[in-house]
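J.: Residue numbers (my numbering): 113 to 1019.
Glycine residues also receive a C-beta, built at the ideal position from the N, C-alpha and C atoms.
Please read these numbers as outputs of a predicted model, since none were measured by experiment.
Below you will find the structure I want to go over with you.
Structure below.
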């Protein structure tokens, strides 16, 4: 069976069981900032599970595009080396939102695998959570699986969450049951505790399908409270299922990947054997990932998800190089991806030209970088031979990686061809130093090319001089440029260093300056979109190709630099406010408070600090008040440009998180209270803040303006985060809040005062009125229903009650239906219509003996009724419901209920 047929049969199987087939969401999640890429089928339903949104269906099925490039089994450098793990993959899934639960999920899963797909029942094993007796019983009694093939795993009381799934540390969670396929003795491992489900993770016991039953809401203390709505979330690995059905031990041997591997054999002239096989598997996997990510709008760049795409593409290009392919080739493999998968994912065909163009251009760019790196390696190699060395130092390997994008494994291969080895430990040390220097907001450097000195301007011993502490403009002479990849919109960008510049480079959490460059005497203006640190000093990021920029600068006699002064001032306000915030936190919470990270830019400040509990409202208010008092003091911000670090430490200066310092440092000092007499020594008792800092700051605290804390929360264990705004940003926030209060006062018809109390009173009154209205509606609906129950309609020997009722919500609707069914006793059918929160809805329930004997199926009746008026719905044999287009449709459905019941009886 071909992969495309397996995908289609899964979706049709669940569509036949009342599921709405939902298209895959984009790989680039536009409504979930917590994700770089969509990584599970449930991502697009996250809001439903959290109760934040409602869908017009309660059952869904999909085949979801997913990407995972981190975690224990998804390290990028390991993908392609084994049989199972991928960057891009497809996840089949079915979901129930408060509709069916464990029984249907398990029975249907078994029916699909064994009945539709024809898997050997004797090779299927399952695991359930230790205390999930219900799932165990369903597998044993309804599916008929021998108890010895049902394995109980996990124990929350001991911290073992095997077979227990959680969306996060708190929130929706529940037990799960996993279906495993036994690939036979030949695939077993030699685990010391034995090769068995739940013990090892080898290929013998292949996990195929996970069924998660969300029924609890986990609290901060670990308590599991029942959810008001039980749901089902399943995930079936598509590539694994295809491999099993096609009798393959590796996913890469299935018809999902073989067309791409055959194309790579043609391009390289090599057979897919040995090490070449691994490289071809890498290329096949990465070609899929690149085609789909580019199709969904993620293009190679130096930041965020674009960085991931670039890493994947360049890793594929490196493996092409290992296969002897030194020209762009990945775009040709992407052509196969589009041809093979375009039917299932039309966006591939629609964006074919864009996908191939982006991939080809990125390959060309990397090949140029690769060739430049080989030239530098040649110089290192020649120097080693002259010195009699046989090992590249960690620093040399790091230079090749950092400047030319050479991964250390490629350096090791090239060096081995010349009889050399590489100091891997030294390389890792350099990598750690770079991570520490750049912190969490590290500039991605793999895309950087080498500096290209402008004509007659050498860089030996050169370092740009920063002039921006007291200026936001000034002239300079451009010294060198280098390519720097693309910005998030796909535009080429380049770096330029000048002999002197007022542009501040991103450092210590402060954002780099933006602005413009004016080339003299021509008057040409170039946009500076950021400033980043380099060994040569501040590197201005210009939205322009490197060659074009070099040509323009070479013709200029001088460069007039203009920092965006409004953005610089806003950043300075936030930076100085950060120092005041740090000091205020230490005064309010204690001296244990230490900085753990910070970000300051024109729009806000973010300050992470070590503290083991949430701040109380009164503590936050006190911190904010202390900062604002220092602002009102309007004290000078004293800048010690060159202080011995030992002197700074003796005075108690705080060091910024993640920064490294030399013997001489810059120190920012701020006092509180009355200003000291001019010329007198500063009073130690009046010192408010003293920090080592190389950033730009206000001249006086009064320049900060208004200050407002906007949020406080947890980052990780023992680390809290405060976000705040200052200056014009805070003023605008205050204005909006004032306008909102004024509008609220108008609605409350009050001139001022305690709005919160008035709103609380109104909400309480509303709650009471709703409760009273709900009771009245329920009484009215039941009274109306009693009339219908008194004279049920005879239909083909059955008794049917059909009525329109007014109910407050879904729960009341269901209770009313249950009441009517129970009143009918046996041989009864209940068809009710209602307006549920503006949605016309029909519900059918039948008495138990009719459903159990298979004489009537409520889900089929509802499906037929809904289809007759253009609606959709379905459900269980004994209870089902459907949403309808409008009120007139509901009237027609109720009018045709008797005919539908008669038509489906014993059908």
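Under 6 Å Cβ to Cβ from residue 278, same chain only, skipping five residues before and after it: list those, please.
T.: Cβ within range, chain order: 285.
J.: Using DSSP's beta-bridge definition, name the partner residues of residue 707.
T.: For residue 707, which the question treats as bridged, DSSP gives the partners 721.
J.: So, does the CB of residue 753 fall closer than 7 Å to a CB anywhere in chain B?
T.: Among the protein chains of the structure shown there is no chain B, as only one such chain exists.
J.: Measuring only the C-alpha atoms, how far is residue 779 from residue 695?
T.: Taking the straight line from one Cα to the other gives about 15 Å.
J.: Report the residue from 640, 473 and 657 whose alpha carbon sits nearest the alpha carbon of residue 677.
T.: For the residues 640, 473 and 657, the minimum Cα distance to residue 677 belongs to 640.
J.: Given this structure, state the Cα-to-Cα distance separating residue 861 from residue 873, to the nearest angstrom.
T.: The alpha-carbon atoms of residue 861 and residue 873 are separated by roughly 14 Å.
J.: Ends of the beta strand (DSSP E) at residue 341?
T.: Where residue 341 is concerned, the enclosing beta strand (DSSP E) stretches over 336-349.
J.: Helix, strand or coil for residue 456, going by three-state DSSP, please let me know.
T.: In the structure shown, residue 456 sits in coil (DSSP, three-state: anything other than H, G, I, E or B).
J.: Using only CA atoms, which one of 666, 735, 505 and 858 lies nearest to residue 701?
T.: Comparing Cα positions, the closest option is 735.
J.: Just the Cα atoms here: how many angstroms apart are residue 460 and residue 467?
T.: If you take the alpha carbons of residue 460 and residue 467, they lie about 8 Å apart.
J.: Name the DSSP beta bridge partners of residue 139, please?
T.: Answer is none; residue 139 lacks a bridge partner.
J.: Alpha carbon to alpha carbon, how far is residue 539 from residue 134?
T.: C-alpha separation (whole angstroms): 48 Å.
J.: Answer yes if the segment 356-367 comes into contact with the segment 301-313, meaning at least three C-beta pairs across the two stretches below 8 Å, and no otherwise.
T.: With the cut-off at 8 Å, the segment 301-313 and the segment 356-367 do not touch.
J.: Looking at the unbroken beta strand (DSSP E) that takes in residue 776, where does it start and where does it end?
T.: 776-783 is the extent of the beta strand (DSSP E) around residue 776.
J.: Looking at the structure shown, is residue 326 part of a helix, part of a strand, or coil, going by DSSP?
T.: Note: residue 326 maps to strand in three-state DSSP.
J.: Using 8 Å for Cβ pairs, my map puts residue 265 next to residue 293. What's the rounded Cβ distance?
T.: Going by Cβ atoms, the distance from residue 265 to residue 293 rounds to 17 Å, so no, they are not a contact pair.
J.: Within the same chain, show all residues whose beta-carbon is closer than 8 Å to that of residue 1016, passing over the 5 residues directly before and after it, in chain order.
T.: Contacts found: 968, 969, 972, 973 and 976.
J.: Measuring CB atoms only, is the segment 725-734 touching the segment 750-757, in the sense that at least three cross pairs come out at less than 8 Å?
T.: Flag = no, the segment 725-734 and the segment 750-757 do not touch.
J.: Let me know the secondary structure DSSP gives residue 556 once reduced to three states.
T.: Any reading at residue 556 must be qualified, since the residue scores a pLDDT of 31, below 50, and its modelled position is unreliable; no value is offered.
J.: Where does residue 746 sit, in a helix, a strand or coil, going by DSSP?
T.: Coil at residue 746, not helix or strand.
J.: May I ask you to report which of helix, strand or coil DSSP gives residue 993?
T.: Reduced to three states, the DSSP call for residue 993 is strand.
J.: Just to confirm, are residue 705 and residue 721 a CB contact at a threshold of 7 Å?
T.: Cβ atoms of residue 705 and residue 721: closer than 7 Å.
J.: Locate the alpha helix (DSSP H) running through residue 603, then write down its first and last residues.
T.: Premise fails: residue 603 is in no alpha helix (DSSP H) and is neither H nor E.
J.: Consult DSSP for residue 267 and reduce its assignment to one of helix, strand or coil.
T.: Of the three classes helix, strand and coil, the one that applies to residue 267 here is strand, per DSSP.
J.: Using C-beta distances below 6 Å, list every residue in its chain close to residue 914, excluding the 5 sequence neighbours before and after it, in chain order.
T.: For residue 914, where only same-chain residues beyond five positions count, the Cβ hits under 6 Å are 943, 1006 and 1009.
J.: Quick one: grab the DSSP three-state call for residue 630.
T.: In the structure shown, residue 630 sits in a strand (DSSP, three-state: E or B).
J.: Residues bridged to residue 240 by DSSP?
T.: Answer by DSSP bridge pairing, in chain order: 264.
J.: Per DSSP, what are the beta-bridge partners of residue 801 in this structure?
T.: In the DSSP output, where bridge partners are listed per residue, residue 801 has 782.
J.: For residue 791, which three-state DSSP category applies?
T.: Below a pLDDT of 50, predicted positions are generally treated as unreliable, and residue 791, at 48, falls in that range; no measurement from the model is reported.
J.: Report the residue from 208, 214 and 178 whose alpha carbon sits nearest the alpha carbon of residue 197.
T.: Closest by alpha carbon: 178.
J.: Closest to residue 1012 by C-alpha separation, out of 437, 978 and 991, would be which residue?
T.: Here the closest residue by C-alpha is 978.
J.: With 16 as the cutoff for other CB atoms within 10 Å, does residue 871 come out buried or exposed?
T.: That one is exposed.
J.: Provide the residue span of the alpha helix (DSSP H) that contains residue 887, from first to last.
T.: Its alpha helix (DSSP H) spans residues 867-902.
J.: Would you kindly check if the distance between the Cβ of residue 140 and the Cβ of residue 432 is under 7 Å?
T.: No; because the gap between Cβ atoms is not below 7 Å, this pair is not in contact.
J.: Going by beta-carbon coordinates alone, are residue 717 and residue 617 separated by less than 7 Å?
T.: No, the pair does not count as a contact, with Cβ atoms beyond the cut-off.
J.: Between which residues of its own chain and residue 346 is the CB-CB distance below 6 Å, once the five residues before and five after are set aside?
T.: Same-chain partners within the cutoff: 205, 206 and 323.
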